[in-house]
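Report on the following structure.
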Amino acid sequence: VSAPRRIPLRRGRSVQELIREQGLPEGLLNTLPGDPGRKYQLGGAVAYEPLLNHLDVSTFYFGEIGVGTPPQNFLVIFDTGSANLWVPSTYCQSPACEDHARFNHSLSSTFLGSDATYTLSYGFGDVSVVLGRDTVTIQNITLSNQELGLSLDEPSTPFSSLGFDGILGMAYPGVAIPGFPTLLQNLVQQEQLSKPVFSFSFSRNPTYNYGGEVILGGVDPQLFSGEVFWAPVIQELYWKIGIEGFSVGLEVTGWCSQGCHGIVDTGTFLLTVPGPFMPALLQALGAQDSDQGFLVDCGSIPKMPTLYFAIAGAWLPLPPSVYVLQNDGICTVGVESTYVSSGSSQPLWILGNLFLRQYYSIFDVANNRVGFATASSGCEHHPRGILALE
1 VSAPRRIPLR RGRSVQELIR EQGLPEGLLN TLPGDPGRKY QLGGAVAYEP
51 LLNHLDVSTF YFGEIGVGTP PQNFLVIFDT GSANLWVPST YCQSPACEDH
101 ARFNHSLSST FLGSDATYTL SYGFGDVSVV LGRDTVTIQN ITLSNQELGL
151 SLDEPSTPFS SLGFDGILGM AYPGVAIPGF PTLLQNLVQQ EQLSKPVFSF
201 SFSRNPTYNY GGEVILGGVD PQLFSGEVFW APVIQELYWK IGIEGFSVGL
251 EVTGWCSQGC HGIVDTGTFL LTVPGPFMPA LLQALGAQDS DQGFLVDCGS
301 IPKMPTLYFA IAGAWLPLPP SVYVLQNDGI CTVGVESTYV SSGSSQPLWI
351 LGNLFLRQYY SIFDVANNRV GFATASSGCE HHPRGILALE
């Protein structure tokens with residue numbers, strides 16, 4: 001959803017500071033519970049939030065939350081590429097808002113309003129909001145006095161056509177509205193999580209009632225196989241990690257020989273490629289630019305090369321069965337380009353849902369790191385698997 005944007009740094013306690021204040025241990029993920037029945041014990045401050053996709057191969061994944069007392073329900077993206085929570089509201093009279101559920105603050109007994117307004121910038125457009133506070137519920141988790149934005153205006157393009165109502169940001173406070181705790185900070189401060197960690201599983205073959213899940217406060221070992229590869233966060237704004245190399249098939253490109261950065265972004269669907277690399281990548285894949293996207297012959301997919309990302313000391317494969325999108329007999333490479341570099345001028349990739357369909361992703365708030373493991377449900381894997389770096 002989100003592209004790098006200019007928002008002032010927030011002054012205040014970080015999530016890590018809140019964790020240290022509570023005396024929680026640093027190595028919270030060293031031991032993962034293996035009991036399959038753990039998933040159904042929802043009293044332990046772990047929320048399993050199912051995600052929907054509307055069966056569209058190229059749209060976002062979103063889940064339901066409640067806002068207010070009694071709760072008013074909304075579909076939101078759980079977005080690691082932004083840090084604010086907002087939903088449509090009755091303050092907004094634009095067609096885009098009327099096409100979605102709208103929060104009515106007068107129907108909530110716990111709502112606290114303000115006159116503060118803000119513009120939130122995303123990759124597909126801007127949303128103007130007025131700030132308020134209210135109770136937010138996510139499955140069995142209840143957060144009181146949570147800051148959120150209530151939309152004042154949403155442009156018809158693209159918001160009218162989007163399947164979700166709002167966005168729940170899960171990035172660092174440095175990219176949030178200054179002076180207001182993020183939802184992640186409140187989850188820790190209000191002791192709603194058994195562990196300060198969250199994880200995502202995205203289905204590549206969504207059904208009408210299941211597209212994946214986000215787990216707040218835990219990790220489900222049933223949803224991945226093999227080793228977890230941990231990449232440290234290199235800048236505590238977004239979940240930005242280092243990419244040490246990139247390979248098309250077994251041919252290392254050298255594009256990241258001086259280092260690349262990658263933002264792990266559940267609010268972006270496609271794989272976003274640094275703009276200077278895009279022509280060579282499309283040529284290597286045999287893709288042709290068109291009004292429908294970067295077209296390839298559907299019959300050639302089994303012969304197309306696997307893409308490899310060198311992350312956390314391993315080559316992580318992305319096979320063509322994952323990065324090629326098939327829709328009504330048309331096959332396109334699921335990539336887009338950006339000419340925005342990282343803050344230190346390294347080429348910037350955005351690892352969106354297309355990449356994360358292949359990997360179970362774990363966001364370790366306490367230790368500022370992202371873990372990747374081969375997803376074990378609904379995925380096709382390259383026969384060579386995850387390769388250790390030589």
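The numbering of the sequence shown is UniProt numbering, which starts it at 1 and goes up by one. Just so you know, even glycine gets a beta-carbon here, dropped at the ideal spot from N, CA and C. Being a predicted model, the structure only gives us computed values, none of them experimental.
Residue i versus residue j: straight-line alpha-carbon distance, rounded
i	j	result
L150	V129	5 Å
E98	G262	36 Å
Q139	V365	20 Å
N104	Y91	8 Å
L348	Y210	31 Å
L148	G254	43 Å
I177	N84	7 Å
L285	M304	7 Å
E213	F62	9 Å
F159	Y122	12 Å
S337	Q292	15 Å
F246	P320	15 Å
L250	S109	60 Å
E64	V219	20 Å
residue 391	L282	The displayed coordinates of the chain run from 1 to 390. Any statement about residue 391 would go beyond what the structure contains.
N367	I330	43 Å
G313	T135	42 Å
F277	L112	48 Å
I301	V335	15 Å
Y118	P181	15 Å
A373	W239	17 Å
I350	G267	10 Å
S201	T142	23 Å
E191	E49	18 Å
D289	D328	18 Å
S341	F309	18 Å
L316	V252	13 Å
residue 395	Q235	Past the edges of the chain, shown from 1 to 390, lies residue 395, and the structure says nothing about it.
residue 438	V324	Nothing in the structure corresponds to residue 438, since the chain is present only between 1 and 390.
G66	S161	22 Å
K195	V127	32 Å
Inter-residue CB distance, residue i and residue j (contact presumed, cutoff 8 Å)
i	j	result
D265	G125	Between G125 and D265 the Cβ distance is about 16 Å, and since that is not below 8 Å, they are no contact.
L354	L270	5 Å
G166	L107	So it is not a contact: roughly 17 Å between Cβ atoms.
residue 397	G217	Examination of residue 397 is not possible in this model, given that the chain is present from 1 through 390 alone.
W86	L120	6 Å
L131	S156	L131 to S156, Cβ: 24 Å. No contact.
A101	N73	7 Å
E227	I311	The pair is not a contact, with the Cβ atoms about 13 Å apart (cut-off 8 Å).
Q326	C298	6 Å
F164	L307	So it is not a contact: roughly 28 Å between Cβ atoms.
F78	L168	5 Å
V46	I241	Their Cβ separation, rounded to whole angstroms, is 25 Å, which puts V46 and I241 out of contact at 8 Å.
S203	F363	Contact doesn't hold; Cβ gap of about 19 Å is too wide.
Q346	C260	5 Å
G352	T272	6 Å
Cut-off 7 Å between Cβ atoms - residues of its own chain near residue i, not counting five sequence neighbours on either side
i	result
R369	W230, A231, P232 and V233
residue 439	Because the chain spans 1 through 390 in this model, residue 439 falls outside it and cannot be assessed.
G275	S337, T338 and Y339
8 Å Cβ cutoff, residue i in contact with chain D
i	result
C260	In the displayed structure, chain D is absent; only one protein chain is listed.
Proximal residues to residue i (C-beta, below 6 Å), its chain only, five neighbours per side dropped
i	result
N145	R133
A287	F294, V296 and V333
L237	Y172, G174 and V175
A116	L131
G343	none
S94	D153 and E154
C256	I243, G245 and F246
S89	R102, F103, L150 and S151
G371	V228, W230 and I362
T137	G66 and P71
Cut-off 8 Å between Cβ atoms - residues of its own chain near residue i, not counting five sequence neighbours on either side
i	result
S376	Q222, L223, F224, S225 and Y360
G23	For G23, the pLDDT reaches just 49, beneath the cut-off of 50, and the residue's location in the model is therefore unreliable, leaving the point undetermined.
Residue i beta carbon near the ligand FAD (any heavy atom closer than 7 Å)
i	result
N145	In the structure on display, the ligand FAD does not appear, and there are no ligands present to speak of.
Checklist entry - Unbroken beta strand (DSSP E) runs of length 3 or more, entirely within the segment 183-209: which are they? => result 197-202
Item to check | Length-filtered (4 minimum) alpha helix (DSSP H) runs lying within the segment 81-163 | outcome: 95-98 and 156-159
Checklist entry - Does the segment 160-174 touch the segment 183-197, meaning 3 or more C-beta pairs lie closer than 8 Å? => result yes
Checklist entry - Taking the runs of the alpha helix (DSSP H) that are 4 residues or longer, which of them lie wholly in the segment 324-356? => result 353-356
Checklist entry - What are the complete beta strand (DSSP E) segments, minimum 3 residues, inside the segment 237-286? => result 239-243, 245-248, 260-264 and 271-274
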